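Working notes for the structure below.
Residue numbers (my numbering): 31 to 184.
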């Protein structure tokens, strides 16, 4: 993956620091580790699904933490004892602990999570508060409405 120099954009924009930081951090993380593999699906305009392949993990070994703008999924596997490890001729199924982070947009929350057939499925929904949604403003047919009270009064 190529590195992008975002300096020219940082110089000419105001208030986009978080976006540029996300791009730079995700570029670094994408190069480092790809375990466990995952999919992100867009189910509708406001619904998403994250699916992680976590074969061999039980529910009690997985932890999902959602906080503002961050979804963190981690799996903790106990190390095999030497006598158990000696039984294997070949180990090809990953049996290691992991931590995977997903940056979430504002107002995205976890709706549901389920583990079945080695796949951890996390349903996400974006719920914009009513006060933040666009509103249609009616035009009063050319009539001016007098506003009572002085706005500059203390």
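Ideal placement from N, C-alpha and C gives every residue a C-beta, glycine not left out. Just so we're clear, the structure is a prediction, and the values are computed from it rather than from any experiment.
Item to complete: Starting from the Cα of residue 68, find the closest Cα among 44, 160, 131 and give me that residue.
Response: If you number the chain shown from 1, residue 68 lands on position 38. For residue 68, the nearest C-alpha among the options comes from 131.
Worksheet entry | Host beta strand (DSSP E) of residue 78 (start-end) | On the chain shown, position 48 is the one that residue 78 refers to. That run of the beta strand (DSSP E) goes 77-83.
Item to complete: State the Cα-Cα distance for the pair residue 31 and residue 49, rounded to the nearest angstrom.
Response: By 1-based counting over the chain shown, the position of residue 31 is 1. By 1-based counting over the chain shown, the position of residue 49 is 19. Low confidence applies to residue 31: its pLDDT is 45, below 50, so where it sits in the model is not reliable, and the reading given next is rough at best. So the two alpha carbons sit approximately 19 Å from each other.
Worksheet item: Just checking, does the region 156-168 make contact with the region 95-109 on the three C-beta pairs under 8 Å criterion?
Response: no
Practice prompt. Look at the alpha carbon of residue 88 and the alpha carbon of residue 55, and state the distance between them as a whole number of angstroms.
Written response: Translated into the one-based positions of the chain shown, residue 88 becomes position 58. Translated into the one-based positions of the chain shown, residue 55 becomes position 25. Those two C-alpha atoms are separated by around 30 Å.
Practice prompt. On a CA-only basis, which of 53, 78, 91 is nearest residue 125? Give me that one, please.
Written response: If you number the chain shown from 1, residue 125 lands on position 95. Residue 125 has its Cα closest to that of 91, out of 53, 78, 91.
Worksheet item: Is it the case that the Cβ atoms of residue 155 and residue 139 are separated by a distance below 8 Å?
Response: Position 125 of the chain shown holds residue 155. Position 109 of the chain shown holds residue 139. Closer than 8 Å, so yes.
Item to complete: Please name the residue, chosen from 135, 97, 86, that lies closest to residue 128 on a Cα-to-Cα basis.
Response: Taking the chain shown and counting its residues from 1, one reaches residue 128 at position 98. Checked all of 135, 97, 86; the closest Cα to residue 128 is 86.
Worksheet entry | Separation of residue 162 from residue 94, as counted between CA atoms | Walking along the chain shown from the start, residue 94 turns up at place 64. Walking along the chain shown from the start, residue 162 turns up at place 132. In a straight line, the C-alpha of residue 94 is about 28 Å away from that of residue 162.
Practice prompt. Within its chain, find whatever has a CB closer than 8 Å to the CB of residue 66; leave out the 5 residues flanking it on each side and keep chain order.
Written response: Your numbering for residue 66 matches position 36 in the chain shown. Only 82, 83, 84, 105, 124, 128, 130 meet the Cβ criterion.
Discussion item. Considering only DSSP beta bridges, list what residue 142 is partnered with.
Written reply: Taking the first residue of the chain shown as position 1, residue 142 is located at position 112. Within the DSSP secondary-structure output, residue 142 pairs in a beta bridge with 153.
Discussion item. Given a cut-off of 8 Å on the beta-carbon distance, is the pair residue 136 and residue 153 in contact?
Written reply: By 1-based counting over the chain shown, the position of residue 136 is 106. By 1-based counting over the chain shown, the position of residue 153 is 123. No. Outside cutoff.
Fill in: Uninterrupted beta strand (DSSP E) stretches inside the region 84-113 (no shorter than 3 residues)
92-97, 100-105
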